[in-house]
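**Student:** Please find one structure pasted underneath; my questions will follow.
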Amino acid sequence: IGPIFFRGYEVGEAYNMAINFVLSNPELSKWKYILTIEEDNLPPPDGLLKLYESMDDYDVVGGLYWTKGEGGMPMIYGDPAVTPLNFIPQVPKSETIQPANGLGMGFNLFKIEMLKDERLPRPLFVTAQEFVPGIGAKQYTQDLYFYENAGKLGYKFACDTRVKVGHLDPSTDVVW
């Protein structure tokens with residue numbers, strides 16, 4: 081199927097609308113996977129096939145891309161082998177499948193069955209910036225909010241570092 085676009089919405093809201101559209105569609109909800117591609121990401125031609133190769137072992141596999149700008153960081157968050165749970169950016173390992181606690185959402189292949197899991201809090205994707213008295217500041221992008229909740233349920237994620245995804249800054253035409 082061709083792309084489904086949700087423009088002009090807050091990013092977490094757009095992802096929720098897209099996922100809900102797929103899950104509520106009688107035909108699309110029967111498919112095994114959903115691929116997210118953000119409009120400023122430039123995946124390689126063989127990227128989807130490479131992500132698909134790892135789907136037996138993981139619930140989400142994403143391509144390797146970096147945040148935009150000088151001093152950007154890889155969007156591979158947290159090493160599952162390290163406790164406590166964290167979302168510290170990992171240094172990418174060359175040409176491998178690298179387990180992670182979370183990923184950016186720019187080019188990811190998701191198992192649809194995971195997204196149907198009723199144990200996951202709804203909405204699935206929330207962008208949060210809040211201060212909780214006695215606890216402190218809590219900030220989440222929509223992706224890490226989802227990954228924290230899904231990871232607590234035992235779902236597994238990885239970055240396929242063979243899949244190098246450009247991250248376009250349209251204001252400068254620079255690809256990071």
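The sequence shown begins at 81 in our numbering and counts up by one.
Positions of the beta carbon are idealized from the N, C-alpha and C atoms, including for glycine.
#1: List the whole-angstrom C-beta distance separating F237 from D136, where the pair is believed to meet the contact cut-off of C-beta under 8 Å.
#2: Quick one: which unbroken alpha helix (DSSP H) runs of 4-plus residues sit fully inside the segment 116 to 195? Chain order, please.
#3: Out of curiosity, what's the CA-to-CA distance linking T207 and F167?
#4: Cα separation between G143 and N96?
#5: For a quick check, are the C-beta atoms of D223 and K130 less than 8 Å apart?
#6: Residues in the same chain with beta-carbon distance under 7 Å from W111, minus the five sequence neighbours each way, listed in chain order, please.
#7: Taking the beta carbon of I84 as the centre, do at least 16 other beta carbons fall within 10 Å, making it buried, or is it exposed?
#8: If you compare alpha carbons, which of E175, G152, Y157 and E228 is closest to S134?
#9: For D240, which three-state DSSP category applies?
#10: Pick from N229, G214 and I215: whose alpha carbon is nearest that of T221?
**Tutor:** This is what the structure gives:
#1: Against the sequence shown, residue 237 aligns to sequence position 157. Against the sequence shown, residue 136 aligns to sequence position 56. Between D136 and F237 the Cβ distance is about 14 Å, and since that is not below 8 Å, they are no contact.
#2: 127 to 133 and 192 to 195
#3: Along the sequence shown, one-based indexing puts residue 207 at 127. Along the sequence shown, one-based indexing puts residue 167 at 87. Roughly 15 Å between the two C-alpha positions.
#4: Walking along the sequence shown from the start, residue 143 turns up at place 63. Walking along the sequence shown from the start, residue 96 turns up at place 16. C-alpha separation (whole angstroms): 21 Å.
#5: The residue given as residue 223 occupies position 143 in the sequence shown. The residue given as residue 130 occupies position 50 in the sequence shown. Going by C-beta atoms, D223 is not nearer than 8 Å to K130.
#6: Start at 1 with the first residue of the sequence shown, and residue 111 comes out as number 31. Beyond the five residues adjoining it in sequence on each side, W111 comes within less than 7 Å, by CB distance, of I192 in the same chain, given in chain order.
#7: As a first step, residue 84 is located in the sequence shown; it is residue number 4 there, counting from the start. Label assigned to I84: exposed.
#8: Mapped onto the sequence shown, residue 134 falls at position 54. Selected option, being the one with the closest Cα: E175.
#9: Numbered from its first residue, the sequence shown carries residue 240 at position 160. D240: strand per DSSP, three-state reduction.
#10: The count along the sequence shown starts at 1 and reaches residue 221 at position 141. Among N229, G214 and I215, the Cα nearest to that of T221 is on N229.
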